[in-house]
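Engineer: FYI, the numbering for the sequence shown is 2 to 581, going by my numbering.
We treat Cβ as the ideally placed atom computed from N, Cα and C, and that holds for glycine.
Please read all numbers here as calculations on a predicted model, not as lab measurements.
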Amino acid sequence: MPARASCAACWAAWIASARSPKSFLHGHSYTVASVYAPAVAAERPAYFMQELPPSLPADRSLLVGGDFKCIAGQQDMLDAAGQPGQRTQGYWTGLRHVETDYQLYDVWRDLNADGRAFTHIATSGQSAARLDRWLISEHLRARVSADSQATGQVIGYPEDHLGVSLCLTAPRSTCYGAAAWRMPLHLLDDQPFCDRLTEEIPAYLTAHPLGLELSRGRRWEDLKRHIKDIALQRSWALAAQRRASQTALESDSRAALTQYTSSPSAATLLAWLDAHHLLQALNAEAAKGAALQAGIVWQYYGEQSTFWFHHLAKERQSRTEIKALRTGGIFAARPVSQPAQAELLEALDKSLTPEAAATAEGSSSDGSIPITELEAALRSMPRGKAPGLDGIPYEFYQRFWPLVGGELTAVLLDAFTSPASPALPPSMLQGRIILLYKGKGADRASPASYRPITLLNTDYKLAARTVASRLGPVLRQVVDPTQTGFLPKRWVGDNVLAHLEEISYLQDTQQPGVIVFRDFEKAFDRLDRAWIEQCMAAVGFGAGAQRWVRILHTGTTARVAFNGWHTDAFPEDRAIPKDM
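Below, the structure written as structure tokens:
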């Protein structure tokens, strides 16, 4: 890749791939080269003939884009009466040879054999030329979409270049589903939406009183569906408004561009730039909405600039595509050894103090969860996390906690005091399992090449976080100090340091020794939930703490997401889900 960077922002997403020596898509290897040719005409031939070719391996599909600073001739100028002059210098003596040697084709010219367009406007406004373009390998020509454009959105007007977009279609053998709904976070910054929910939530609860046919858990599930419906309606309305505005502004911009094309002048250029600037502002608002999908607006929810920008800069994870899986012999639950469990329980030599057991029961002393503890759990939740199947994220609860916090607290109290099993509403107990490809060349047909992550609904995670906040601080009394992970104020690095020190000690004292590494394979997937409850009772946890663990583990189900689809729900009565 040439050292110079391109100014064409429309293909900035490819630059990250270009920095990698290898990029693969659907089994094909690609190289993306960024071009920024010299402004001095005499330097262009050497740039194209000497600097660019090393970045273009002959055995790979090539996508070459950027500011080439030259044109083939008058057809690439907007002013038909003008002369190309120095603008052709470097093309016929340099770039043209590269196009021929590497069989590269000008995407826009292929789509518009007799057309005229421009990407750069002269300072005078009297002429413009198509200096920015995409060149691609010949065999990719059939995959070029008509959406590829030579004149895109102005990059940071009043800059003098326009973006150039390239759209390629890739062959697919996989049929994708619509995936799961997720509340757009930009709606939480939309005042009409927030105003409507502020009215609708109390009204819905009033209009649906509890009774024999409507339990509190059922009403909570219905309320979440009602909130989703309102969010969908607002999203559709905003999309319709934006499409109407986009259509009108695009029409105005095209009309102004036509006028400038037919009669280039400072006045017609200014008229077109004004129209295009309005269109650019609309697109910028759309980009802001997309950015808010990654993290809620900081002035409402305590975002700090460092988190905000670092979060937006995170690379999107590529879609995990599963085309085939080998089945059979994957994993089977083994019978629990009752004698082994009894032997382990008898060997326990630690137990909670009465004070610690009381702490684990929570501030209410009877084990129930008050709203204050739920609110504290909400404040401790990480931002920008994916929600479960109901699509409602943490940020929604942060925004509307005064309206929904009391109802959720009541739902959890009902579950705690109810003799029913399972006690929680079904939607709270259902997880969405996504499969993350482990990479590093792992066999994509092997289930072992994927890491299952269970996305849980936020209301369930709030309850679980509250219970964990009670148990975590007191577990230090019963968990051996050598267990350095998964507990507050313990660091797994201490374990590594301890082993290194032990090795050093044996070497210094010239004593023999051996270190054995043992891995509990699929530890989270093999845990027996009944065993967890037995251990809690054995070390002295109270009835309330044990009850909450049982509530959170009873009746859980899951659906596996793959290629945008979901399996039917199935019981998940073993293992501890790993959430993102």
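According to DSSP, is F215 part of a helix, a strand, or is it coil?
Structural biologist: Before going on, a small fix: residue 215 reads as Leu here, not Phe. Note: L215 maps to strand in three-state DSSP.
Engineer: Are there 16 or more other CB atoms within 10 angstroms of the CB of D569, so buried, or fewer, so exposed?
Structural biologist: Exposed, since its Cβ has fewer than 16 Cβ neighbours within 10 Å.
Engineer: According to DSSP, which residues form a beta bridge with P572?
Structural biologist: DSSP output for P572 lists T558 as bridge partner(s).
Engineer: Starting from G494 and walking both ways along the alpha helix (DSSP H), at which residues does that stretch end?
Structural biologist: Its alpha helix (DSSP H) spans residues G494 to T510.
Engineer: Looking only at its own chain, which residues have a Cβ that is under 7 Å from the Cβ of L614, when we skip the five neighbours before and after it?
Structural biologist: Only positions 2 to 581 of the chain appear in this structure, which leaves residue 614 out of reach.
Engineer: Let me check understanding here. Comparing Cα to Cα, which of P193, D196, L136 and T199 lies closest to C168?
Structural biologist: It is L136 whose Cα lies nearest to the Cα of C168.
Engineer: Please state the DSSP three-state secondary structure of S366.
Structural biologist: Three-state DSSP puts S366 in coil, outside helix and strand.
Engineer: Using DSSP with H/G/I as helix, E/B as strand and the rest coil, what is I393?
Structural biologist: Coil at I393, not helix or strand.
Engineer: Report yes or no: is there a C-beta of chain B within less than 8 Å of the C-beta of L425?
Structural biologist: The structure shown contains no chain B; it is built from a single protein chain.
Engineer: Going by CA-CA distance only, name the one from L213, I202, H209 and R217 that's closest to K229.
Structural biologist: The candidate whose alpha carbon is nearest that of K229 is I202.
Engineer: Please state the DSSP three-state secondary structure of V412.
Structural biologist: Correct three-state label for V412: helix.
Engineer: The alpha helix (DSSP H) spanning Y621 covers which residue range?
Structural biologist: Because residue 621 is not part of the residues shown, which for the chain are 2 to 581, the question remains open.
Engineer: Using only alpha-carbon positions, find the residue among R471, E502, D415 and W532 that is nearest to P340.
Structural biologist: P340 has its Cα closest to that of W532, out of R471, E502, D415 and W532.
Engineer: May I have the straight-line CA-CA distance separating E200 from A469, to the nearest angstrom?
Structural biologist: Their backbone Cα atoms lie some 34 Å apart in a straight line.
Engineer: If we ignore side chains and look at the alpha-carbon of each, how far apart do T32 and S62 end up?
Structural biologist: Taking the straight line joining both Cα atoms gives about 6 Å.
Engineer: Could you give the DSSP three-state label for T455: helix, strand or coil?
Structural biologist: Note: T455 maps to strand in three-state DSSP.
Engineer: Where does A59 sit, in a helix, a strand or coil, going by DSSP?
Structural biologist: It is coil, neither helix nor strand.
Engineer: Mind checking D77: buried by the 16 CB within 10 Å criterion, or exposed?
Structural biologist: Flag for D77 reads buried.
Engineer: Terminal residues of the continuous beta strand (DSSP E) containing Q104?
Structural biologist: No beta strand (DSSP E) contains Q104, which DSSP labels as neither H nor E.
Engineer: Report the residue from F521, P265, Q260 and A249 whose alpha carbon sits nearest the alpha carbon of Q281.
Structural biologist: Closest by alpha carbon: A249.
Engineer: Use the C-beta contact count for P159: other C-beta atoms within 10 angstroms, 16 or more gives buried, fewer gives exposed.
Structural biologist: In this prediction, P159 scores a pLDDT of 45, lower than 50, which makes its location untrustworthy; no coordinate-derived value is stated.
Engineer: Is G86 helix, strand or coil when you go by DSSP?
Structural biologist: Residue state, collapsed to three classes: helix.
Engineer: Quick one: Cα of D574 to Cα of T557, how far?
Structural biologist: So the two alpha carbons sit approximately 6 Å from each other.
Engineer: By how many angstroms is the C-alpha of L215 removed from the C-alpha of L188?
Structural biologist: C-alpha separation (whole angstroms): 30 Å.
Engineer: Put Q484 into one of helix, strand or coil per three-state DSSP.
Structural biologist: Three-state DSSP puts Q484 in coil, outside helix and strand.
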